[in-house]
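Q: Here the protein sequences line up with chains A and B, keeping their order.
In terms of this note's numbering, the first sequence opens at residue 2 and continues consecutively.
In terms of this note's numbering, the second sequence opens at residue 2 and continues consecutively.
Glycine included, every Cβ here is placed at the ideal spot set by N, Cα and C.
The following block contains the structure, expressed as structure tokens.
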Amino acid sequence: MAALTLEPCAARVTWRAGEALTSEAWGALLRGFAEAVARRAVEEGAVLVGHIKGIARPAAGGFLHVSAVSGDHPATVQGRVPEGLRELALELVALVYGLPQSTVASVVEDAAREEGCSRSCSTAVERLDSAARFDGLHLEKAP
Amino acid sequence: MHLLTAAGFLGSGKTTLLLRLGRHAASAGARVAFVVNEIGEIGVDDQLMRQLGMNVWELASGCICCSLAGELGPTLWMLEREFRPDAVFLEPSGAADPRGLSALLSGCGVAFESVRKVAVLDPLRIEALFAVLEPLITAQVAGADVVYISKIDSASAGELEQARRLAREVAPGARQVEAGEGDALPPGLLRELLPWLP
Numbered sequence: 002m003a004a005l006t007l008e009p010c011a012a013r014v015t016w017r018a019g020e021a022l023t024s025e026a027w028g029a030l031l032r033g034f035a036e037a038v039a040r041r042a043v044e045e046g047a048v049l050v051g052h053i054k055g056i057a058r059p060a061a062g063g064f065l066h067v068s069a070v071s072g073d074h075p076a077t078v079q080g081r082v083p084e085g086l087r088e089l090a091l092e093l094v095a096l097v098y099g100l101p102q103s104t105v106a107s108v109v110e111d112a113a114r115e116e117g118c119s120r121s122c123s124t125a126v127e128r129l130d131s132a133a134r135f136d137g138l139h140l141e142k143a144p
Numbered sequence: 002m003h004l005l006t007a008a009g010f011l012g013s014g015k016t017t018l019l020l021r022l023g024r025h026a027a028s029a030g031a032r033v034a035f036v037v038n039e040i041g042e043i044g045v046d047d048q049l050m051r052q053l054g055m056n057v058w059e060l061a062s063g064c065i066c067c068s069l070a071g072e073l074g075p076t077l078w079m080l081e082r083e084f085r086p087d088a089v090f091l092e093p094s095g096a097a098d099p100r101g102l103s104a105l106l107s108g109c110g111v112a113f114e115s116v117r118k119v120a121v122l123d124p125l126r127i128e129a130l131f132a133v134l135e136p137l138i139t140a141q142v143a144g145a146d147v148v149y150i151s152k153i154d155s156a157s158a159g160e161l162e163q164a165r166r167l168a169r170e171v172a173p174g175a176r177q178v179e180a181g182e183g184d185a186l187p188p189g190l191l192r193e194l195l196p197w198l199p
């Protein structure tokens with residue numbers, strides 16, 4: 002079993018669409034992305050998906066919040082953004098047990114590009130996490 | 002100043018529950034301050050709460066039970082004097098072991114009129130959580146006044162029964178309350194967690 006450590010990964014993901022999208026379409030993109038992060042993390046050997054969560058707050062107003070807690074359950078999206086946005090930036094935190102931060106960051110980047118590509122969006126990913134490492138933060142292995 | 006703390010694992014529904022309680026309290030005229038602790042570099046929960054009109058103070062990039070322990074007391078002390086809320090809703094990180102929190106709160110220099118503790122339990126992942134994090138999950142549930150089993154509209158009968166059994170065994174004296182994402186908050190839960198509301 003991989004080490005039971007938690008190394009938070011944070012990123013800003015920006016998708017730019019070729020055409021204006023509805024709030025529902027952006028919400029579907031975020032849902033698909035969060036589910037893909039959770040699923041890919043498990044495929045990479047995560048002991049447990051803690052929480053994949055993010056929020057997009059476009060300058061035009063509104064917000065979309067996305068949350069996923071496993072690769073087996075659908076992600077939830079709440080909020081709305083104005084209709085007709087061509088670009089959306091999501092601030093994301095991925096809390097995954099048992100994977101190093103670098104692996105989680107790769108998972109986030111790959112999932113963001115895959116989801117963007119499937120919806121004809123260009124994708125940019127900027128890492129926001131620090132080098133801080135939370136070794137075994139308040140964790141105890143079950144006997 | 003009253004205090005409500007919400008323990009529970011990452012993604013269990015703590016923020017959702019506190020937001021619903023906060024809206025209820027605000028609609029009754031109460032002034033509520035949220036103190037949110039997140040361990041990532043970005044605070045997502047605090048941004049969501051602000052979007053929904055709540056008054057939020059964030060303790061980020063660490064854990065209030067250890068690396069940020071020194072910041073909790075001054076934050077509560079400042080809130081009491083400068084913001085003067087009727088209540089503080091405190092949400093520790095879902096990775097936090099709440100066993101150290103009680104000592105921190107009792108030594109923080111703020112005399113709370115009441116302290117209520119709710120533990121939020123996600124029945125959808127209970128088996129997976131217990132397999133690798135049993136001590137943490139048990140610590141988050143033990144000592145709660147109320148165990149709130151969330152997401153019951155998505156849980157199977159087996160998952161629900163596991164969550165109920167855990168709550169009974171780990172926190173036998175706690176009131177057990179269940180609700181789904183779209184359900185109204187049970188009146189008993191409101192009386193239990195916000196007893197100071199008129």
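Could you pull the DSSP bridge partners for Phe34(A) from this structure?
A: Beta-bridge pairing links Phe34(A) to no other residue.
Q: Quick check on the burial criterion: 16 or more other C-beta atoms within 10 angstroms. Buried or exposed for Met79(B)?
A: Result: exposed.
Q: Indicate whether at least one CB of chain A lies closer than 8 Å to the CB of Gly30(B).
A: It does not: the Cβ of Gly30(B) has no partner Cβ on chain A nearer than 8 Å.
Q: Give the secondary structure of His66(A) by DSSP, where H, G and I count as helix, E and B as strand, and everything else as coil.
A: His66(A): strand per DSSP, three-state reduction.
Q: Does the beta-carbon of Pro188(B) have 16 or more other beta-carbons within 10 angstroms, so that it is buried, or is it exposed?
A: Pro188(B) is exposed by the Cβ-count criterion.
Q: Does Ile153(B) come within less than 8 Å of chain A when only Cβ atoms are used?
A: Answer no: the Cβ-Cβ gap between Ile153(B) and chain A never drops below 8 Å.
Q: According to a CB-to-CB cut-off of less than 8 Å, which residues of the stretch 114-135 of chain B neighbour chain A?
A: Result list: Asp123, Leu125, Arg126, Ala129, Leu130, Phe131, Ala132, Val133, Leu134, Glu135.
Q: Let's see if you can read the secondary structure: which residues bound the alpha helix (DSSP H) around Val171(B)?
A: Segment 158-171, the alpha helix (DSSP H) holding Val171(B).
Q: Would you check if the distance between the CB atom of Arg81(A) and the CB atom of Gly55(A) is smaller than 8 Å?
A: Cβ atoms of Arg81(A) and Gly55(A): not closer than 8 Å.
Q: Report yes if the CB atom of Ala35(A) is closer than 8 Å to the CB atom of Ser71(A), and no otherwise.
A: The answer is no: Cβ separation not under 8 Å.
Q: In chain order, what residues of the stretch 45-62 of chain B put their CB closer than 8 Å to some CB of chain A?
A: Within the stretch 45-62 of chain B, the residues whose Cβ lies closer than 8 Å to some Cβ of chain A are Val45, Asp46, Gln48, Leu49, Gln52, Ser62, listed in chain order.
Q: I'd like to know whether the C-beta of Ala96(B) is nearer than 8 Å to at least one C-beta of chain A.
A: Yes, contact with chain A.
Q: Pull up the CB-CB distance for Val133(B) and Val48(A), whole angstroms please, since I reckon it's below 8 Å.
A: Confirmed, Cβ separation roughly 6 Å.
Q: Determine the burial state of Cys67(B): buried for a count of at least 16 other Cβ atoms within 10 Å of its Cβ, exposed for fewer.
A: Flag for Cys67(B) reads exposed.
Q: Nearest CA to the CA of Glu182(B): which residue from Leu31(A), Gly51(A), Val105(A), Val78(A)?
A: Looking at the Cα atoms, Val78(A) is the closest of the given residues.
Q: Comparing C-alpha positions only, which one of Leu195(B), Ile150(B), Glu193(B), Ala7(B) sits nearest to Gly95(B)?
A: Ranking the options by Cα distance to Gly95(B), first place goes to Ala7(B).
Q: Got a sec, what are the start and stop residues for the alpha helix (DSSP H) Trp78(B) sits in?
A: It spans 70-79 - the alpha helix (DSSP H) in which Trp78(B) sits, taken as one unbroken run.
Q: Whether or not the stretch 97-104 of chain B and the stretch 133-147 of chain B are in contact is what I'm after, with contact meaning three or more pairs of Cβ atoms, one per stretch, closer than 8 Å; do they touch?
A: Counting Cβ pairs under 8 Å, three or more are found: they touch.
Q: For Glu36(A), would you say it is in contact with chain B, using Cβ-to-Cβ distances shorter than 8 Å as the test?
A: Answer no: the Cβ-Cβ gap between Glu36(A) and chain B never drops below 8 Å.
Q: Excluding the 5 residues flanking Met2(A) on each side, which residues of the same chain have their C-beta closer than 8 Å to its C-beta?
A: Any answer about Met2(A) is weak, because its pLDDT of 41 lies below 50 and its placement is not dependable; what the coordinates show is given next. So the qualifying residues of the chain are Val48, Gly99.
Q: Pick from Ala70(B), Gly71(B), Gly44(B): whose alpha carbon is nearest that of Trp58(B)?
A: Among Ala70(B), Gly71(B), Gly44(B), the Cα nearest to that of Trp58(B) is on Gly44(B).
Q: Label Ala11(A) either buried or exposed according to how many other C-beta atoms from any shown protein chain fall within 10 Å of its C-beta, with 16 as the threshold for buried.
A: That one is buried.
Q: Taking a cut of 9 Å between CB atoms, which residues from the stretch 42-54 of chain A lie near chain B?
A: Answer set for the stretch 42-54 of chain A: Val48, Leu49, Val50, Gly51, His52, Ile53, Lys54.
Q: Go ahead and label Pro144(A) buried or exposed: buried means 16 or more other beta carbons lie within 10 angstroms of its beta carbon, across all protein chains shown.
A: Confidence at Pro144(A) is low in this model, with a pLDDT of 37, below 50, so the placement of that residue should be treated as unreliable; the coordinate-derived value is given next. Counting Cβ neighbours within 10 Å, Pro144(A) comes out exposed, since fewer than 16 surround it.
Q: Taking Arg192(B) as the reference, give the member of Lys118(B), Gly108(B), Val111(B), Gln163(B) with the closest Cα.
A: Among Lys118(B), Gly108(B), Val111(B), Gln163(B), the Cα nearest to that of Arg192(B) belongs to Lys118(B).
Q: Taking C-alpha atoms, which residue in Leu5(A), Thr15(A), Leu7(A) lies nearest to Ala90(A)?
A: Of the candidates Leu5(A), Thr15(A), Leu7(A), the one whose C-alpha sits nearest the C-alpha of Ala90(A) is Thr15(A).
Q: Counting only beta-carbon atoms, is Glu81(B) nearer than 8 Å to chain A?
A: For Glu81(B), the answer is no, since every Cβ of chain A falls outside 8 Å of its Cβ.
Q: What separation, rounded to the nearest whole angstrom, lies between the Cα atoms of Ala70(B) and Ala112(B)?
A: So the alpha carbons of these two residues sit roughly 18 Å apart.
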